[in-house]
Amino acid sequence: MRLSPDEIIFWQNGFFKLNATIVFTWGLMLLLAVGAKLITRKLSIGLKRARWQNLLEIIVIAIEKQIEEVGLSQPQKYLGFLGTLFLFVAAASLCTIIPGYEPPTGSLSTTVALALCVFVAVPLFGIEEQGVGNYLKSYVKPTFIMLPFNIISEFSRTLALAVRLFGNMMSGAMIIGILLTITPFVFPVFMTALGLLTGMVQAYIFFILATVYIAAATRVRKPRPEPGQNIEV
Amino acid sequence: MLIDWFTVGAQALNFLILVWLMKRFLYKPILRAIDAREQRISRELADADARKTEAQKESDEFRHKNEEFDRQRTALLSKVKDEAQAERQRLLDEARKDAAALSSKRQETLRNEEQSLHQAISRRTQQEVFAIARKALTDLSTTSLEERLGEVFTRRLQEMDGGEKAGLAEALKTASAPALVRSAFDLPAEQRVAIQNSLNETFSAEIHVRFETAPDLISGIELTTNGQKLAWSIADYLETMKINIDELLNEKDKPAAKAGPEPEEPGPETESR
């Protein structure tokens with residue numbers, strides 16, 4: 000029973016190897032980059048524009064809006080990282096309709112890599128926004144006792160991110176694999192459709208959780224207005 | 000082992016590369032295009048706003064000008080109307096004056112014509128009356144009439160009042176030439192003697208008299224001496240009658256002239272509007 004596309008190895012030279020996860024990731028990267036390049040090659044700034052451009056604008060603006068709604072005041076700054084997370088995970092699950100394709104997100108290595116990227120990006124963005132001192136101080140708030148719990152929460156949520164995505168994607172692929180052996184007709188199609196939905200939901204969850212973590216890290220805490228003071232509306 | 004650490008590193012690297020690629024090929028161009036479109040739209044909106052403002056301004060200006068024009072036109076119209084009214088009034092007054100002058104002149108002319116016609120008629124009537132009278136008297140004058148005339152003349156000599164008599168006596172005395180007695184017909188000898196006697200008697204002196212015939216006297220006798228004259232003739236009566244008629248005519252004309260229509264004076268304007 001194969002649980003991960005990591006196990007399909009095309010080429011290996013000692014520590015270096017070329018497995019299905021990396022190859023499919025490259026394929027996805029190629030697809031996304033070439034598709035974006037092709038569509039954005041001749042962008043119209045007028046009111047009339049191509050349908051593909053319209054689609055891309057809708058996606059980009061929706062991501063931007065979502066980031067802003069979570070509480071990041073400068074969504075364009077985080078759009079590159081967070082938007083790519085969403086698009087990569089979404090594209091990885093969307094491509095499961097292609098026969099013979101194995102989603103790279105179904106590999107724990109990939110999800111761990113993505114979770115590690117988030118794990119590194121959160122303090123980076125936080126320090127950039129608040130400065131090292133203020134960011135580190137946020138670990139001992141509200142009291143010093145909370146420091147170990149805060150650190151544990153950092154790691155556990157990263158692990159949770161990685162395992163959640165992996166579990167969902169792997170299970171989706173697993174179910175289809177099992178169903179194909181039991182009921183080879185019709186039913187796997189429904190499960191694939193369900194898998195698509197699950198994939199999109201997982202992409203959204205991964206993206207929104209990363210956004211929330213970054214928003215929590217970058218939020219500059221303002222002193223609350225003291226009671227009795229007039230609050231300007 | 001589900002986690003292959005080489006794959007983890009490779010995937011992290013792949014992800015970072017993908018982030019760069021997406022930024023390069025997707026987000027930047029798309030956001031740039033959106034920004035450009037928004038700028039263009041806002042520019043167009045601002046342009047439209049500016050044009051609207053401009054149009055509003057121009058419309059306001061136009062309306063203002065229109066109102067100004069209307070006001071000026073109204074003012075000009077009323078001014079012209081007033082002027083025309085004044086001119087009309089002036090022309091009317093002038094015409095009225097002219098008409099009054101013409102009317103009075105015509106009335107004057109008419110009156111003059113009437114007067115002259117009256118005069119002409121009167122004169123003609125007078126002449127005709129006199130001519131008829133003269134003709135009748137001339138036709139009627141016979142010796143007996145002449146005799147009668149001589150008697151009347153003699154009586155008049157005798158009936159003269161004091162002043163008149165003294166004047167005539169003085170004239171007769173100082174006269175170098177004999178007194179001239181003129182008559183329409185040749186006086187018969189008895190008449191001449193009677194007149195001579197009567198003269199002598201009246202003035203108590205010998206009066207030299209020369210008799211002469213003058214047909215224009217119309218049955219009358221006239222004594223002329225040194226600028227004094229005593230006469231009685233029908234012509235005298237006629238002359239007196241002529242004078243009386245003339246006076247009568249003049250009296251008749253005067254009140255007629257006075258009663259004539261007065262030229263109408265243009266009264267003060269009482270028009271109210």
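If you're matching them up, the sequences are chains R and V in order.
The first sequence maps to residues 0 to 232 in numbering that gives the first Met the number 0.
The second sequence maps to residues 0 to 272 in numbering that gives the first Met the number 0.
Where is the CB? At the ideal position from N, CA and C, for every residue including glycine.
What you are looking at is a predicted structure, and each value in this text was computed from that prediction instead of being measured.
- If the five residues before and after R:M199 are omitted, its C-beta is found closer than 7 Å to the C-beta atoms of A89, S92, all from its own chain and listed in chain order.
- The three-state secondary structure of V:A230, taken from DSSP, is strand.
- With a threshold of 16 other beta carbon atoms within 10 Å, R:F118 meets it and is buried.
- Using a Cβ-Cβ cut-off of 8 Å, R:N18 counts as an interface residue toward chain V, since at least one Cβ of chain V sits closer than that to its own.
- Taking the beta carbon of R:A35 as reference, the chain V residues within 7 Å of it are M21, F24, L25, listed in sequence order.
- V:L222 has V:V180, V:L229 as its beta-bridge partners, per DSSP.
- Measuring C-alpha to C-alpha distances from R:V211 to each of R:N167, R:C94, R:Y77 identifies R:Y77 as the nearest.
- Nearest CB-CB separation between V:D3 and chain R: below the 8 Å threshold.
- Using a 10 angstroms sphere on the CB of V:Q71, the tally of other CB atoms stays under 16, which defines it as exposed.
- Using a CB distance below 7 Å, the part of the segment 25 to 56 of chain V facing chain R consists of L25, Y26, P28, I29, L30, A32, I33, A35, R36, R39, ordered along the chain.
- Scanning the segment 89 to 164 of chain R for uninterrupted alpha helix (DSSP H) segments of 4 residues or longer gives 107 to 129, 131 to 136, listed from N- to C-terminal end.
- The Cβ-Cβ distance between R:A161 and R:T83 does not fall below 8 Å.
- Assigned with DSSP and collapsed to three states, V:R110 falls in helix.
- R:I204 has a beta carbon lying at 8 Å or more from every beta carbon in chain V.
- Contact between R:M28 and V:L25 is ruled out by a C-beta separation of about 12 Å, above the 8 Å threshold.
- When only Cα atoms are considered, V:K27 and R:K47 end up about 20 Å apart.
- With respect to the 8 Å criterion, R:A120 and R:I213 are classified as neighbours on the basis of their beta carbons.
- Per DSSP, R:L71 is not a residue of any alpha helix (DSSP H), being assigned neither H nor E.
- The alpha carbon of R:Y203 has as its nearest neighbour, out of R:N149, R:P183, R:L86, R:M173, the alpha carbon of R:L86.
- Against R:T24, the close residues of chain V are Q10, N13, in the order they occur along the chain (beta-carbon pairs closer than 7 Å).
- Those residues of the segment 149 to 178 of chain R placed with their C-beta closer than 7 Å to a C-beta in chain V do not exist.
- Those residues of the segment 97 to 117 of chain R placed with their C-beta closer than 8 Å to a C-beta in chain V are P103, S106, L107, S108, T109, V111, A112, L113, L115, C116, ordered along the chain.
- Taking the C-beta atoms as reference points, V:I29 is found nearer than 8 Å to R:V59.
- Residue state for R:V59 is assigned as helix, using DSSP reduced to three classes.
- Judged by beta-carbon spacing, V:I206 lies beyond the 8 Å limit of V:L167, meaning their Cβ atoms are not closer than that value.
- Here V:G219 is near V:A230, since their CB atoms are less than 8 Å apart.
- One thing to note: R:I177 has its Cβ no nearer than 8 Å to the Cβ of R:G194.
- Counting C-beta atoms within 10 angstroms of its own C-beta, V:R181 has 16 or more neighbours from the protein chains shown and is therefore classed as buried.
- It is roughly 14 Å from the alpha-carbon of V:F202 to the alpha-carbon of V:T224.
- The Cβ-Cβ distance between V:R209 and V:P177 falls below 8 Å.
- In this structure the segment 3 to 21 of chain V lies against the segment 94 to 112 of chain R, because at least three pairs of beta carbons, one per stretch, are closer than 8 Å.
- Listed by position along chain V, the residues whose Cβ is nearer than 7 Å to that of R:T39 are F24, L25, P28, I29.
- The beta-carbon distance between R:T95 and R:T191, rounded to whole angstroms, is 7 Å. This is short enough to meet the 8 Å contact definition.
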